[in-house]
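Mapping of the sequence shown onto my numbering: position 82 corresponds to residue 82, and the numbering continues sequentially without gaps. What follows is a short report on a single structure.
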Amino acid sequence: MIVGARRAARRPGFTLLELIIVVTMIGILATIALPALKDWPRRANEAVLKNNLRTIRDVIDQYHGDKGYYPPDLEELVDEGYLRSVPLDPMTKRTDTWVLVFEEVDADAPPAETELNETGAPGVLDVHSGSDAVSLKDEQPYSEW
């Protein structure tokens with residue numbers, strides 16, 4: 001009987017106590033890490049939104065520099081080859097929810113001093129997200145970015 005007890009004591013492996021300690025440690029680490037990871041997709045969408053806004057605004061400025069007036073809409077930027085497609089608003093997951101800010105036209109200014117496009121309508125000066133949500137960092141609405 002003593003020989004059998006010695007053999008059992010030398011078997012490789014983990015004891016139940018060791019396994020409980022390891023599982024507990026993994027649980028503690030998971031409770032620390034999960035709150036930081038739950039906002040990860042939204043932070044990624046914020047980064048994409050910043051990039052898309054920068055791209056659209058740069059392209060609007062390039063269009064204005066080339067043509068002398070602002071585009072009537074975002075599709076014009078695609079039609080003229082400035083963009084391959086209208087970027088996705090990552091907060092709404094759509095391309096048609098961008099809020100367009102049009103240039104103000106002074107009705108009293110002579111026609112030669114206005115920068116209207118070919119249709120005579122004011123052009124897109126800026127663009128914002130169409131989302132009502134607020135950012136994680138400073139709680140500023142995405143529509144004000």
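Each residue gets a CB set at the ideal place from its N, CA and C atoms; glycine is no exception.
Are the Cβ atoms of V149 and D126 separated by less than 8 Å? Because the chain spans 1 through 145 in this model, residue 149 falls outside it and cannot be assessed.
Boundaries of the beta strand (DSSP E) in which L125 is found, first to last residue: Position 125 of the sequence shown, counted from the first residue, corresponds to residue 125. Here the beta strand (DSSP E) through L125 covers V124 to H128.
Which residue's Cα is closest to the Cα of H153: E80, N51, N52 and L49? With the chain covering only 1 through 145, there is no way to say anything about residue 153.
Report the rounded CA-to-CA distance for D39 versus D58, giving the unit in angstroms. As a working note, residue 39 is residue 39 in the sequence shown. As a working note, residue 58 is residue 58 in the sequence shown. Rounded to whole angstroms, D39 to D58 spans 29 Å at the Cα level.
Would M25 be called buried (16 or more neighbouring beta carbons within 10 Å of its own) or exposed? Taking the sequence shown and counting its residues from 1, the one referred to as residue 25 is at position 25. The residue in question, M25, is exposed, as its Cβ has fewer than 16 Cβ neighbours within 10 Å.
Neighbour flag for M25 against chain D, beta carbons, 8 Å: The structure shown contains no chain D; it is built from a single protein chain.
Under the rule that 16 or more other beta-carbon atoms within 10 Å means buried, what is G123, buried or exposed? To locate residue 123, count along the sequence shown from 1; it is residue 123. Buried is the call here.
Can you give the beta carbon distance from S135 to E46, rounded, assuming they're within the 8 Å contact cut? Taking the sequence shown and counting its residues from 1, the one referred to as residue 135 is at position 135. Taking the sequence shown and counting its residues from 1, the one referred to as residue 46 is at position 46. Correct: roughly 6 Å between the Cβ atoms.
Looking only at C-alpha atoms, which of E103, E144, N51 and A30 sits nearest to P72? Within the sequence shown, the letter at position 72 stands for residue 72. That would be E103, whose Cα lies nearest to the Cα of P72.
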